[in-house]
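Undergrad:
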Amino acid sequence: MSCTFLPRLLLTTAIVIGQATLGSQSASAAANVPDRINIAVSDGSRVDVADTVHPRARSASDLGAAPADTKLVGMTVRFTMTSAQQAALDQLLADLQDPSSPRYHQWLTPEQFAAQFGLSSSDIAKVTAWLTSQGFTVTGVARGGTFVTFDGTVAQAQAAFATSIHSLSVQGQTHFANITNVQVPRAFANIVGDITGLHDFRLKPRARASVVRPDFTSSVSNNHYLAPGDLYTIYDMNPLLTSSINGTGVTIAVTGQVQILLSDVTAFRSASGLSANLPTPTPVNGGAAAANNCSQATSSNCPQPNLDDLSESSLDVEWSGAMAPAATILYVNGPDVIANALTQAIDQNLAPIVTTSYGNCEAGWGSTELNALNQIFKQANAQGQTVLAPSADVGATDCDNGASALEGLAVDFPASSPYVTGMGGTMLNEGSATGVTQY
Numbered sequence: 003m004s005c006t007f008l009p010r011l012l013l014t015t016a017i018v019i020g021q022a023t024l025g026s027q028s029a030s031a032a033a034n035v036p037d038r039i040n041i042a043v044s045d046g047s048r049v050d051v052a053d054t055v056h057p058r059a060r061s062a063s064d065l066g067a068a069p070a071d072t073k074l075v076g077m078t079v080r081f082t083m084t085s086a087q088q089a090a091l092d093q094l095l096a097d098l099q100d101p102s103s104p105r106y107h108q109w110l111t112p113e114q115f116a117a118q119f120g121l122s123s124s125d126i127a128k129v130t131a132w133l134t135s136q137g138f139t140v141t142g143v144a145r146g147g148t149f150v151t152f153d154g155t156v157a158q159a160q161a162a163f164a165t166s167i168h169s170l171s172v173q174g175q176t177h178f179a180n181i182t183n184v185q186v187p188r189a190f191a192n193i194v195g196d197i198t199g200l201h202d203f204r205l206k207p208r209a210r211a212s213v214v215r216p217d218f219t220s221s222v223s224n225n226h227y228l229a230p231g232d233l234y235t236i237y238d239m240n241p242l243l244t245s246s247i248n249g250t251g252v253t254i255a256v257t258g259q260v261q262i263l264l265s266d267v268t269a270f271r272s273a274s275g276l277s278a279n280l281p282t283p284t285p286v287n288g289g290a291a292a293a294n295n296c297s298q299a300t301s302s303n304c305p306q307p308n309l310d311d312l313s314e315s316s317l318d319v320e321w322s323g324a325m326a327p328a329a330t331i332l333y334v335n336g337p338d339v340i341a342n343a344l345t346q347a348i349d350q351n352l353a354p355i356v357t358t359s360y361g362n363c364e365a366g367w368g369s370t371e372l373n374a375l376n377q378i379f380k381q382a383n384a385q386g387q388t389v390l391a392p393s394a395d396v397g398a399t400d401c402d403n404g405a406s407a408l409e410g411l412a413v414d415f416p417a418s419s420p421y422v423t424g425m426g427g428t429m430l431n432e433g434s435a436t437g438v439t440q441y
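Those letters in the sequence shown? Residues 3 to 441, by the numbering used here.
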């Protein structure tokens, strides 16, 4: 009898059980960082933001200009830090983990982070005023002072950022993306690190839809599926659970890019003998409206995000809640799992544990995007948040898309970030006949 295991089943387990509540200092009301925009904002003089064309767009087949009225939801302007801010933040992160430092575990609130490492309030006001002048709807300013979110259309984005957004064909799928680097007014040259939301190359889920079905032992395939009780035995968790070390008082933010069906989670917990402790949907950046409501019956309505996203996110909330059955589970979803859901879970400081089951090989990201994301992960560390990500379901061949490994060894991001905890999968062999092993 074969054993089909869930690859990222234990993504949150190592950190979740028994984690202490993280404290923080009182919020600082106003940022005290100096202004950095020191010339007038003018569209007549622009500069490139380097490496802002997605790697997949570079090798795609060009289908021509994207429809001008295509809506772009949850775009962000990401701000850089000065070299002095970067040095101060790196020292803070070291001190926060040094038991001999007076700053040991003195986690910051997002507002305190903004007061030291964000963009000044005056400079943010100039950026938001410029975005509004370009026809965009500004939807939010980061609590940490590191980005502004806004919505608009392809036409507005092309005009504002002096780029071309085209429809593209990639491996038989149609996408859209900017095919030239974005540009910003010269006044913003030393503050803008990245612009997100100008393409729809979202990360793909890694789960297989079949593994989340509660078949246990399939009468069709004869595969044996593990239930929570099996894992409690295999990893010797029962002594913890019977001692009420079960996630009580802990909040976990699970991130995704599709709406989930709470009825699926109810069925999983009921079949597994767990209490009816359902996750709390927490949409961000228009997540409830931007993400399709997928189900087996309505899969035709789920082109992107799709039914695989539903399977991935269902797996994540179900098993996070199974391994920490009394924890509070937030399901944070937005148009893009990393650029929106994960980013907002950190900036809003929604939970001490933030987990994603999405990733891509480092070569699949642009250097500008990697730098911007590492900055938000540093903010998470400063706030005492543990960010978890999968090391990849295909091992060191993460950049390869087929059966043959041609691209060489690769690592997965965000798991490869020094500010993220990368978690690997586990493979179990229960033997070929009943009773061969203790499981």
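Ideal Cβ positions, reconstructed from N, Cα and C, are used throughout, including at glycine.
Treat the numbers as computed from the prediction; the structure is a model and nothing was measured.
Could you pull out every residue in the same chain whose Cβ sits closer than 7 Å to the Cβ of F149, ignoring the five residues on either side in sequence?
TA: The residue given as residue 149 occupies position 147 in the sequence shown. Excluding residues within five positions, the ones whose Cβ falls inside 7 Å are T78, V79, R80 and F81.
Undergrad: Using a Cβ-Cβ cutoff of less than 8 Å, which residues in the same chain neighbour V422 once the five nearest sequence positions on both sides are dropped?
TA: The residue labelled residue 422 in the question sits at position 420 within the sequence shown. Taken in chain order, the residues that qualify are F379, V389, L390, A391 and P416.
Undergrad: So, under 8 Å CB-CB, A329 and V252 are touching, yes? Tell me the CB distance rounded to an integer number of Å.
TA: Position 327 of the sequence shown, counted from the first residue, corresponds to residue 329. Position 250 of the sequence shown, counted from the first residue, corresponds to residue 252. Yes, they are in contact, since the Cβ atoms of A329 and V252 sit about 5 Å apart, within 8 Å.
Undergrad: Take S316 and list the residues in its own chain whose beta-carbon comes closer than 8 Å to its own, dropping the five residues that flank it on each side.
TA: Within the sequence shown, the letter at position 314 stands for residue 316. Around S316: V214, I262, L263, D266, V267 and F270.
Undergrad: Cα separation between T54 and S245?
TA: Your numbering for residue 54 matches position 52 in the sequence shown. Your numbering for residue 245 matches position 243 in the sequence shown. If you take the alpha carbons of T54 and S245, they lie about 51 Å apart.
Undergrad: Bridge partners of I355, per DSSP?
TA: Here residue 355 refers to the residue found at position 353 of the sequence shown. BP columns for I355 point to I254 and T388.
Undergrad: Using a threshold of 8 Å, state whether the C-beta atoms of S44 and A161 are closer than that.
TA: Translated into the one-based positions of the sequence shown, residue 44 becomes position 42. Translated into the one-based positions of the sequence shown, residue 161 becomes position 159. No, the pair does not count as a contact, with Cβ atoms beyond the cut-off.
Undergrad: Beta strand (DSSP E) containing M77: first to last residue?
TA: Looking up residue 77 in the sequence shown gives position 75. Annotation: the continuous beta strand (DSSP E) that includes M77 extends over K73 to F81.
Undergrad: Kindly indicate which three-state DSSP category Q333 falls into: helix, strand or coil?
TA: Here residue 333 refers to the residue found at position 331 when the sequence shown is read from its first residue. In the sequence on display, residue 333 carries Tyr and not Gln. Reduced to three states, the DSSP call for Y333 is strand.
Undergrad: Less than 8 Å between the CB atoms is what I'm expecting for N180 and H201, so what's the real figure, rounded?
TA: Here residue 180 is taken as the residue at index 178 of the sequence shown, counted from 1. Here residue 201 is taken as the residue at index 199 of the sequence shown, counted from 1. Confirmed, about 6 Å.
Undergrad: Return the Cβ separation of A382 and I340 in integer angstroms, given the expectation that the two are a contact with Cβ distance under 8 Å.
TA: In the sequence shown, residue 382 corresponds to position 380, counting from 1. In the sequence shown, residue 340 corresponds to position 338, counting from 1. Contact flag wrong, Cβ pair sits at about 13 Å.
Undergrad: Going straight from the alpha carbon of L133 to that of T235, what length do you get?
TA: The sequence position of residue 133 within the sequence shown is 131, counting from 1. The sequence position of residue 235 within the sequence shown is 233, counting from 1. Roughly 55 Å between the two C-alpha positions.
Undergrad: Are G199 and A374 closer than 8 Å when you measure CB to CB?
TA: The residue you call residue 199 lines up with position 197 of the sequence shown. The residue you call residue 374 lines up with position 372 of the sequence shown. Going by C-beta atoms, G199 is not nearer than 8 Å to A374.
Undergrad: Have a look at S85, S393 and A131 and flag the residue whose alpha-carbon is nearest the alpha-carbon of Q118.
TA: Numbered from 1 along the sequence shown, position 116 holds the residue referred to as residue 118. Answer by Cα proximity: S85.
Undergrad: Would you report the Cα separation of M425 and A255, rounded to the nearest angstrom?
TA: Along the sequence shown, one-based indexing puts residue 425 at 423. Along the sequence shown, one-based indexing puts residue 255 at 253. One C-alpha to the other measures close to 16 Å.
Undergrad: How would you call Y360, buried or exposed, if buried means at least 16 neighbouring beta carbons within 10 angstroms?
TA: As a working note, residue 360 is residue 358 in the sequence shown. Classification for Y360: buried.
Undergrad: Does DSSP classify V129 as helix, strand or coil?
TA: The residue given as residue 129 occupies position 127 in the sequence shown. DSSP places V129 in helix when its eight states are reduced to three.
Undergrad: What are the boundary residues of the alpha helix (DSSP H) that R60 is part of?
TA: Locating residue 60 in the sequence shown gives position 58, where the first residue counts as 1. Where R60 is concerned, the enclosing alpha helix (DSSP H) stretches over P57 to R60.
Undergrad: Please state if the CB of D125 and the CB of R38 are separated by a distance shorter than 8 Å.
TA: As a first step, residue 38 must be located in the sequence shown, where it is residue number 36. As a first step, residue 125 must be located in the sequence shown, where it is residue number 123. Closer than 8 Å, so yes.
Undergrad: Any C-beta of chain B sitting closer than 8 Å to the C-beta of T78?
TA: Checking the listed chains, one finds no chain B in this structure; it contains a single protein chain.
Undergrad: Can you find the residues in the same chain that come closer than 8 Å, C-beta to C-beta, to I193, ignoring five residues on each side of it along the sequence?
TA: Taking the sequence shown and counting its residues from 1, one reaches residue 193 at position 191. Contacts found: R38, I39, F81, T82, L121, D125 and V129.
Undergrad: What residues are listed by DSSP as bridge partners for C401?
TA: Residue numbering aside, residue 401 sits at position 399 when the sequence shown is read from its first letter. In the DSSP output, where bridge partners are listed per residue, C401 has none listed.
Undergrad: If you run the structure through DSSP and keep just helix, strand and coil, what is V260?
TA: Here residue 260 refers to the residue found at position 258 when the sequence shown is read from its first residue. Note: V260 maps to coil in three-state DSSP.
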